[in-house]
Amino acid sequence: TTAIVWFRRDLRLADNPALVAATQGYDRVIPLYIHAPHEEGEWAPGAASRWWLHHSLASLDTGLKHHRGALQVVAASTSAPADGGGSLGALRAAIKATGATAVYFNLLYDPLIRKRDEKVRKALEADGLDVASFNASLWCNPWETSTKEGEPYRVFTPFWRNLRTRIDEQGPLDTPAPLHLGTVPKSDDLDSLALLPTLDWAKGFDEWTPGEEGAQEMLSLFADDAVGHYDTGRDLPARHGTSRLSPHLHFGEISPRQVADRLRAHFARRKNAPDLEPYLRQLGWREFGHHLLWHFPDTPKKNFNKKFDAFRWAKRDAHALRRWKQGKTGIPIVDAGMRELWATGWMHNRVRMLVASLLTKNLRQHWVLGEKWFWDTLVDADLANNAMGWQWVAGSGADASPYFRIFNPVTQSEKFDAEGAYIRRWVPELRDAPGRLVHAPWEDAAFLKRSGYPSPIVDLKSSREDALTAYQKARGAP
Ligand code: FAD
Numbered sequence: 002t003t004a005i006v007w008f009r010r011d012l013r014l015a016d017n018p019a020l021v022a023a024t025q026g027y028d029r030v031i032p033l034y035i036h037a038p039h040e041e042g043e044w045a046p047g048a049a050s051r052w053w054l055h056h057s058l059a060s061l062d063t064g065l066k067h068h069r070g071a072l073q074v075v076a077a078s079t080s081a082p083a084d085g086g087g088s089l090g091a092l093r094a095a096i097k098a099t100g101a102t103a104v105y106f107n108l109l110y111d112p113l114i115r116k117r118d119e120k121v122r123k124a125l126e127a128d129g130l131d132v133a134s135f136n137a138s139l140w141c142n143p144w145e146t147s148t149k150e151g152e153p154y155r156v157f158t159p160f161w162r163n164l165r166t167r168i169d170e171q172g173p174l175d176t177p178a179p180l181h182l183g184t185v186p187k188s189d190d191l192d193s194l195a196l197l198p199t200l201d202w203a204k205g206f207d208e209w210t211p212g213e214e215g216a217q218e219m220l221s222l223f224a225d226d227a228v229g230h231y232d233t234g235r236d237l238p239a240r241h242g243t244s245r246l247s248p249h250l251h252f253g254e255i256s257p258r259q260v261a262d263r264l265r266a267h268f269a270r271r272k273n274a275p276d277l278e279p280y281l282r283q284l285g286w287r288e289f290g291h292h293l294l295w296h297f298p299d300t301p302k303k304n305f306n307k308k309f310d311a312f313r314w315a316k317r318d319a320h321a322l323r324r325w326k327q328g329k330t331g332i333p334i335v336d337a338g339m340r341e342l343w344a345t346g347w348m349h350n351r352v353r354m355l356v357a358s359l360l361t362k363n364l365r366q367h368w369v370l371g372e373k374w375f376w377d378t379l380v381d382a383d384l385a386n387n388a389m390g391w392q393w394v395a396g397s398g399a400d401a402s403p404y405f406r407i408f409n410p411v412t413q414s415e416k417f418d419a420e421g422a423y424i425r426r427w428v429p430e431l432r433d434a435p436g437r438l439v440h441a442p443w444e445d446a447a448f449l450k451r452s453g454y455p456s457p458i459v460d461l462k463s464s465r466e467d468a469l470t471a472y473q474k475a476r477g478a479p
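In the UniProt record's numbering, the protein residues as written are 2 to 479.
Next up, the structure:
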């Protein structure tokens, strides 16, 4: 008997519930990846995500080769209906060619993919197939947590309190062994999917190791080094004070269950074990993002808080937007972040908040513009987390930072990058800036001229006041 395991963003062999169930129920498993970005509409993977995906698929293939198999890759037809026709066609072809009687897969929660999957599931069930789906990427499916009144959560802390009670008992699943793997007669070559950039802008991405093994290595580094001071270290962008697991989690190369389990095991016999709660709570934000996206599927495009619809954004400013993207705003901490993003496909969380605040508050550009740029350039671009992050900073989101709390990038920079090490790393023009000038180089006109660094694109003080006025107007205040 044969089952197809339809791999998507669950690119790992360990703790993979669909794979485990398929091997338990069937003699032979076909590991299949279907490339169908057109079925994800405007949220098809961006350029940085495609780079990651390529390498992650290659790594999964290597993992399967250790079990004397290979990842079967099929490019879905783009002429079939975009709401799932391509994936369904690819699955039906694989079923016909292999005699499979089952299709097992792990769930995704993005609105278009959800709809597509339901369509595919119904069609395959009507064909008489055994179809089953599993939760591989979250501690809890988004519909499994609700308030006492049975409503979705809109505030993080009570959501987390509820979720926290269900985490400890969840252990990861082992890689099934032995794995009896099969093939499809017409598997495409990974390179033919053309996921890698044609221009060589991704050179700086080499610091990453996509794939299951890379995820485990990253987790080991974090466990050995940073998790002990996570609560304070996580806010300092010059350090690797966070786990940097976000792209690995996004592509399902590792699960929150595995992360928590390994961290607990790592410290189980140590006397001064660090408090893991602040880190687990941060993973809880990821679950919250998915909870929100599930219950409120238009949050990637529409204000979560409808009252915010009255807010007047400034006219779209192509010039300012370009300088923001290029890391040439003249605000050092913001430019450091935007350049880190471009060079490595990742940006530190604290700095994500600062660059988003400058765009949405000082420049008053719509948060969707920033969300889109992040979508294309982040290796961890994730519909749930990105939408939540942007709406949180813009002040339009669930449990958001209030609009009137506008970050001052200079004081933030002085606080979290006191020596300017992060800025100096990413903004070479300011490498030798003396003292406070690294945070605010415009305070010495002669130095600014010499450095070749741009003047600020916007006056921080007056733009802050303008933003607050626009906000007061939206609230109907005099
Ligand atoms: P750690 O601090 O080590 O945290 C561990 C994990 O918890 C992360 O890998 C991530 O999965 C999750 N997590 C941590 N913080 C958050 C958070 N605030 N919201 C949701 N999940 C969180 N995260 C993404 O994964 N993809 C995105 O597209 C994304 N876009 C963002 C956009 C903006 C404007 C902002 C402010 C934040 C965004 N985040 C996004 C959240 C956060 O910045 C990243 O998850 C974090 O920086 C990843 O680094 P890390 O793995 O070292 O995090």
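Where a beta carbon is used, it is the ideal one built from N, C-alpha and C, also for glycine. These numbers come from a predicted model, not from an experiment.
Any non-hydrogen atom of the ligand FAD within 7 Å of residue i CB
i           : result
L250        : yes
residue 488 : Since the displayed the chain opens at 2 and closes at 479, residue 488 lies outside it and no answer follows.
N386        : yes
M389        : yes
Q413        : no
G229        : no
T243        : yes
L246        : yes
A434        : no
W286        : yes
H349        : yes
W393        : yes
D381        : yes
A401        : no
Buried or exposed by the 16-neighbour rule on C-beta atoms within 10 Å, applied to residue i
i           : result
L139        : buried
Q473        : exposed
A244        : A small fix is needed here, since residue 244 is Ser in this sequence, not Ala. With 16 or more other Cβ atoms within 10 Å, it is buried.
residue 514 : Residue 514 lies beyond the range of the chain shown here (2 to 479); nothing can be said about it.
E43         : exposed
H230        : exposed
E466        : exposed
E119        : exposed
A127        : exposed
F160        : buried
R425        : buried
T99         : buried
V21         : buried
F405        : exposed
W7          : buried
Beta-carbon gap between residue i and residue j smaller than 8 Å
i           : j    : result
F408        : S358 : yes
W347        : D377 : no
V104        : V74  : no
G421        : A434 : yes
G129        : R29  : no
G205        : A344 : yes
G253        : D11  : yes
residue 498 : P301 : With the chain covering 2 to 479 only, the question about residue 498 has no answer from this structure.
Three-state class that DSSP yields for residue i in the structure shown
i    : result
S134 : strand
P153 : coil
Y404 : coil
P479 : With a pLDDT of only 48 at P479, under the threshold of 50, the placement of this residue in the model should not be trusted; the figure read from the coordinates follows. Here P479 sits in coil by DSSP.
W427 : helix
P32  : strand
L359 : helix
T470 : helix
A101 : coil
W53  : helix
F8   : strand
R73  : The residue you asked about is not Arg; residue 73 is Gln in the sequence shown. Of the three classes helix, strand and coil, the one that applies to Q73 here is strand, per DSSP.
N107 : strand
L200 : coil
L364 : coil
T3   : strand
L237 : coil
L182 : strand
A311 : helix
P338 : Inspection of the sequence shows that residue 338 is occupied by Gly rather than by Pro. In this structure, G338 counts as helix in the three-state DSSP scheme.
G42  : helix
T345 : helix
Sequence-distant residues of its chain with Cβ nearer than 7 Å to residue i (five each side left out)
i    : result
P153 : S147, H292, H296
A468 : K362, N363, R365, I407
P479 : Any reading at P479 must be qualified, since the residue scores a pLDDT of 48, below 50, and its modelled position is unreliable; no value is offered.
Cβ-based neighbour list, residue i, same chain, cut-off 8 Å, excluding 5 preceding and 5 following
i           : result
residue 490 : What the structure shows of the chain is the stretch from 2 to 479, and residue 490 is not part of that stretch, so it cannot be assessed.
G234        : A227, R240, G242, T243
A137        : D11, D16, N17, P18, A19, N107, L108, G253, S256
Neighbourhood of residue i by C-beta, 6 Å cutoff - its chain only, sequence neighbours within 5 removed
i    : result
L461 : none
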